[in-house]
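Using my numbering, the first residue of the sequence shown is number 3, and each one after it goes up by one. Think of the CB as a built atom: it goes at the ideal place given N, C-alpha and C, for glycine as much as any other residue. Okay, structure first, notes after.
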Amino acid sequence: MQKRDYYEILGVSRDADADTIKKEYRKLAMKYHPDKNPDNKEAEEMFKEASEAYEILSDPEKRQRYDQFGHDADHFGAGGFSWDNFTRHADINDIFGDGFSSIFEGLFGGGFGGGRAGGRRSNRGEDLQIELSLSLKEISTGVEKKIKISTKEACDKCNGSGSEDGEVETCTQCRGSGQVYTVRQSLFGQMQVMGECPSCRGEGKIIKNRCSKCHGEGRMGKVKEINVKIPAGVEDGQYIRMRGQGNAGPRGGAKGDILVLIREKIDDVFVRDGNNILIEYPISVSQAVLGGEVMVPTLSGKVKMKIPAGTQNRRVFRLKDMGIKSLNSYSKGDQLVEIVVVIPTKISKDETNLYKQIAEYDTKRELKPDRRFFSRLRNYFS
3 MQKRDYYEIL GVSRDADADT IKKEYRKLAM KYHPDKNPDN KEAEEMFKEA
53 SEAYEILSDP EKRQRYDQFG HDADHFGAGG FSWDNFTRHA DINDIFGDGF
103 SSIFEGLFGG GFGGGRAGGR RSNRGEDLQI ELSLSLKEIS TGVEKKIKIS
153 TKEACDKCNG SGSEDGEVET CTQCRGSGQV YTVRQSLFGQ MQVMGECPSC
203 RGEGKIIKNR CSKCHGEGRM GKVKEINVKI PAGVEDGQYI RMRGQGNAGP
253 RGGAKGDILV LIREKIDDVF VRDGNNILIE YPISVSQAVL GGEVMVPTLS
303 GKVKMKIPAG TQNRRVFRLK DMGIKSLNSY SKGDQLVEIV VVIPTKISKD
353 ETNLYKQIAE YDTKRELKPD RRFFSRLRNY FS
């Protein structure tokens with residue numbers, strides 16, 4: 003099924019500000035929250051849909067990438083929504099305030115929205131984050147890196163069960179549900195509420211004979227090597243999500259993810275501007291006057307570029323499609339080459355005589371200022 007537009011879900015325009023987005027989300031969260039609509043699957047799905055839209059649109063970076071890539075943003079490291087990572091308790095406090103949460107703490111156990119509608123506690127493993135430094139050349143072409151990382155993997159002795167003999171008993175107190183009913187005193191009198199089973203800590207199962215190797219955890223520390231595929235065009239500060247590559251969960255729980263944070267190395271020659279590459283290229287006075295051909299460095303090697311006669315200092319030439327490939331398309335940026343005419347500071351006697359001869363011609367030539375300089379100056383201070 004195709005995902006609905008996040009702006010449509012919250013009922014806001016695409017240029018809505020943060021306050022408007024939060025206000026509309028509050029209305030939907032109050033209306034559809036599962037704790038207010040028990041056993042109502044449709045309301046729960048509406049709440050999840052609104053929460054997903056809010057998490058993306060309330061984060062400026064995620065919103066920008068969603069506006070650019072739509073629902074494909076998560077495939078390109080936008081760090082999209084993951085319901086496994088969404089904390090309903092923290093969210094409900096943000097929506098209604100801590101006072102509202104404390105009132106309902108006695109009613110629902112552990113704070114309004116803090117209880118789990120899904121029964122047994124999720125044993126999903128932790129997400130891991132690593133940083134990966136890339137050169138501009140690697141970013142321009144894409145690259146595959148092998149990285150060693152410390153993780154927690156399923157115990158090879160008990161196969162992740164946490165049990166020495168592989169036997170796991172269903173908790174007799176909660177009958178495997180992970181939750182039990184208790185009677186609490188509230189503002190409205192005695193109420194029967196559901197909370198985490200104290201015997202199994204919400205897991206619904208009990209291990210009598212714990213594994214001697216992992217001590218019942220079901221997982222062990224391990225250093226493993228992973229292959230990280232980086233697509234061309236990624237940016238500094240962007241995340242690549244590797245699903246199911248993080249820590250194994252306790253006692254057979256699902257694996258978390260690995261989040262690869264991209265860091266762009268500073269280059270001695272090239273400067274990145276979006277998908278364009280900027281470079282300063284020095285030429286001599288004679289090259290500027292007479293013109294000629296030069297070999298200009300690019301991310302894919304040196305290329306030949308023509309310098310017209312009479313080239314002025316700071317003139318910019320464009321090398322088409324010599325920049326960085328766009329992340330979500332086949333288009334490429336350009337390389338902009340800014341010419342720097344280098345004036346010699348030390349010259350020989352012969353060179354001095356030659357320049358004196360040229361100077362005689364210069365006295366007969368009318369020199370006019372470059373009007374583009376004043377235009378650039380106005381733009382700089384405006």
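Thinking C-beta only, is residue 209 closer than 8 Å to residue 223? The count along the sequence shown starts at 1 and reaches residue 223 at position 221. The count along the sequence shown starts at 1 and reaches residue 209 at position 207. No, the pair does not count as a contact, with Cβ atoms beyond the cut-off.
Taking only three categories from DSSP, how would you classify residue 353? Within the sequence shown, the letter at position 351 stands for residue 353. Taken through DSSP and simplified to helix, strand or coil, residue 353 comes out as helix.
Contact check, residue 162 vs residue 258, beta carbons under 8 Å: As a position in the sequence shown, residue 162 is number 160, starting the count at 1. As a position in the sequence shown, residue 258 is number 256, starting the count at 1. Cβ atoms of residue 162 and residue 258: not closer than 8 Å.
Quick one, are the C-beta atoms of residue 278 and residue 325 less than 8 Å apart? On the sequence shown, position 276 is the one that residue 278 refers to. On the sequence shown, position 323 is the one that residue 325 refers to. The Cβ atoms of residue 278 and residue 325 sit closer than 8 Å to each other.
For residue 53, count neighbouring C-beta atoms within 10 Å of its own C-beta (all shown protein chains included) and say buried if the count is 16 or more, exposed if not. Here the question's residue 53 lines up with position 51 in the sequence shown. A residue is called buried when at least 16 other Cβ atoms come within 10 angstroms of its Cβ; residue 53 meets this threshold and is buried.
From which residue to which residue does the beta strand (DSSP E) around residue 274 run? By 1-based counting over the sequence shown, the position of residue 274 is 272. That run of the beta strand (DSSP E) goes 273-275.
Going by Cα to Cα distance, which pick from 370, 56 and 180 is closest to residue 10? The residue given as residue 10 occupies position 8 in the sequence shown. Ranking 370, 56 and 180 by Cα distance to residue 10 puts 56 first.
Report the option in 292, 6 and 61 whose CA atom is closest to the CA atom of residue 24. Position 22 of the sequence shown, counted from the first residue, corresponds to residue 24. Checking every option, the nearest Cα to that of residue 24 belongs to 61.
Can you check DSSP and say which residues form a bridge with residue 138? By one-based count along the sequence shown, residue 138 stands at place 136. Looking at the DSSP assignment, residue 138 forms no beta bridge with any residue, so it has no partner.
Span of the alpha helix (DSSP H), counted from its first residue to its last, around residue 40: Here the question's residue 40 lines up with position 38 in the sequence shown. Per DSSP, residue 40 lies in no alpha helix (DSSP H) segment and is marked neither H nor E.
Assigned exposure category for residue 250 - 16 Cβ within 10 Å defines buried: Locating residue 250 in the sequence shown gives position 248, where the first residue counts as 1. Residue 250 is buried by the Cβ-count criterion.
Using a Cβ-Cβ cut-off of 6 Å (strictly less than) and excluding sequence neighbours within five positions of residue 364, which residues of its own chain qualify? Reading the sequence shown from its first residue, position 362 is the one you call residue 364. Sequence-distant Cβ neighbours of residue 364 in its own chain, meaning closer than 6 Å and more than five residues away, do not exist here.
For residue 8, which residues in the same chain have their Cβ closer than 7 Å to its Cβ, ignoring the five residues on either side in sequence? Here residue 8 refers to the residue found at position 6 of the sequence shown. Contacts found: 55, 58, 59 and 68.
Could you tell me whether the stretch 223-233 touches the stretch 143-157, where touching means 3 or more Cβ pairs closer than 8 Å? With the cut-off at 8 Å, the stretch 223-233 and the stretch 143-157 touch.
Which two residues bound the contiguous alpha helix (DSSP H) that contains residue 296? One-based indexing of the sequence shown puts residue 296 at position 294. For residue 296, no alpha helix (DSSP H) encloses it; the enclosing beta strand (DSSP E) starts and ends at 294-300.
Select from 155, 369 and 134 the residue whose C-alpha is nearest the C-alpha of residue 256. Counting from 1 along the sequence shown, the entry for residue 256 is found at position 254. Considering only alpha carbons, the answer is 155.
Which runs of the alpha helix (DSSP H) at least 4 residues long sit entirely within the stretch 135-220? Give them in chain order. Entirely contained in the stretch 135-220, the alpha helix (DSSP H) runs reaching 4 residues are, in chain order, 138-143.
Suppose contacts are defined by Cβ-Cβ distances below 8 Å. Is residue 125 in contact with residue 169 by that definition? Your numbering for residue 125 matches position 123 in the sequence shown. Your numbering for residue 169 matches position 167 in the sequence shown. Cβ distance not < 8 Å, so residue 125 and residue 169 don't count as in contact.
In whole angstroms, give me the CA-to-CA distance for residue 294 and residue 261. Position 292 of the sequence shown holds residue 294. Position 259 of the sequence shown holds residue 261. C-alpha of residue 294 to C-alpha of residue 261: approximately 49 Å in a straight line.
Could you check where the beta strand (DSSP E) with residue 12 kicks off and where it finishes? Within the sequence shown, the letter at position 10 stands for residue 12. Per DSSP, residue 12 lies in no beta strand (DSSP E); the unbroken alpha helix (DSSP H) holding it starts and ends at 8-12.
What does DSSP give as the partner residue(s) for residue 224 in the beta ladder? By one-based count along the sequence shown, residue 224 stands at place 222. For residue 224, which the question treats as bridged, DSSP gives the partners 153.
Under a three-way DSSP split, which group does residue 268 fall into? Here residue 268 refers to the residue found at position 266 when the sequence shown is read from its first residue. If DSSP states are grouped into helix, strand and coil, residue 268 belongs with coil.
Let's test the definition: count the other Cβ atoms within 10 Å of the Cβ of residue 27 and tell me whether it reaches 16, buried, or not, exposed. Looking up residue 27 in the sequence shown gives position 25. The residue in question, residue 27, is buried, as its Cβ has 16 or more Cβ neighbours within 10 Å.
Spatially closest choice to residue 244 from 231, 237, 253 and 366, by CA coordinates: Taking the first residue of the sequence shown as position 1, residue 244 is located at position 242. The option with the nearest alpha carbon to residue 244 is 231.
Residue range of the unbroken alpha helix (DSSP H) whose run includes residue 340: As a position in the sequence shown, residue 340 is number 338, starting the count at 1. Premise fails: residue 340 lies in the beta strand (DSSP E), 337-344, not in any alpha helix (DSSP H).
Could you give the DSSP three-state label for residue 46: helix, strand or coil? Stepping through the sequence shown from its first residue, residue 46 is reached at position 44. Of the three classes helix, strand and coil, the one that applies to residue 46 here is helix, per DSSP.
Residue nearest to residue 139 in terms of C-alpha spacing, selected from 179, 303, 312 and 358: Walking along the sequence shown from the start, residue 139 turns up at place 137. Checked all of 179, 303, 312 and 358; the closest Cα to residue 139 is 303.
Taking residue 159 as the reference, give the member of 314, 213 and 318 with the closest Cα. Within the sequence shown, numbered from 1, the residue matching residue 159 stands at position 157. Nearest option by C-alpha distance: 213.
Does DSSP put residue 282 in a helix, a strand or coil? Sequence index remark: in the sequence shown, residue 282 carries index 280 (1-based). Three-state DSSP puts residue 282 in a strand.
Boundaries of the beta strand (DSSP E) in which residue 334 is found, first to last residue: In the sequence shown, counting from the first residue as 1, residue 334 sits at position 332. That residue, residue 334, is in no beta strand (DSSP E); it is neither H nor E in DSSP.
Helix, strand or coil for residue 66, going by three-state DSSP, please let me know. As a first step, residue 66 is located in the sequence shown; it is residue number 64 there, counting from the start. Looking at residue 66 - three-state DSSP - the assignment turns out to be helix.
Since residue 182 and residue 164 are thought to touch, with beta carbons under 8 Å apart, how far apart are those beta carbons, to the nearest angstrom? Here the question's residue 182 lines up with position 180 in the sequence shown. Here the question's residue 164 lines up with position 162 in the sequence shown. The Cβ separation is near 22 Å, so there is no contact.
Could you compute how far the alpha carbon of residue 135 sits from the alpha carbon of residue 64? The sequence position of residue 135 within the sequence shown is 133, counting from 1. The sequence position of residue 64 within the sequence shown is 62, counting from 1. Residue 135 and residue 64 have their C-alpha atoms some 22 Å from each other.
Strictly by DSSP, which residues pair up with residue 244? Mapped onto the sequence shown, residue 244 falls at position 242. 260.
Can you list, in chain order, the residues of its chain whose CB lies under 6 Å from that of residue 73, leaving out five sequence neighbours each side? Stepping through the sequence shown from its first residue, residue 73 is reached at position 71. Beyond the five residues adjoining it in sequence on each side, residue 73 comes within less than 6 Å, by CB distance, of 5 in the same chain, given in chain order.
Got a sec? Which residues, its chain only, sit under 7 Å from residue 199 by beta carbon, not counting five neighbours each side? As a first step, residue 199 is located in the sequence shown; it is residue number 197 there, counting from the start. Taken in chain order, the residues that qualify are 173, 175, 176, 180, 181 and 182.
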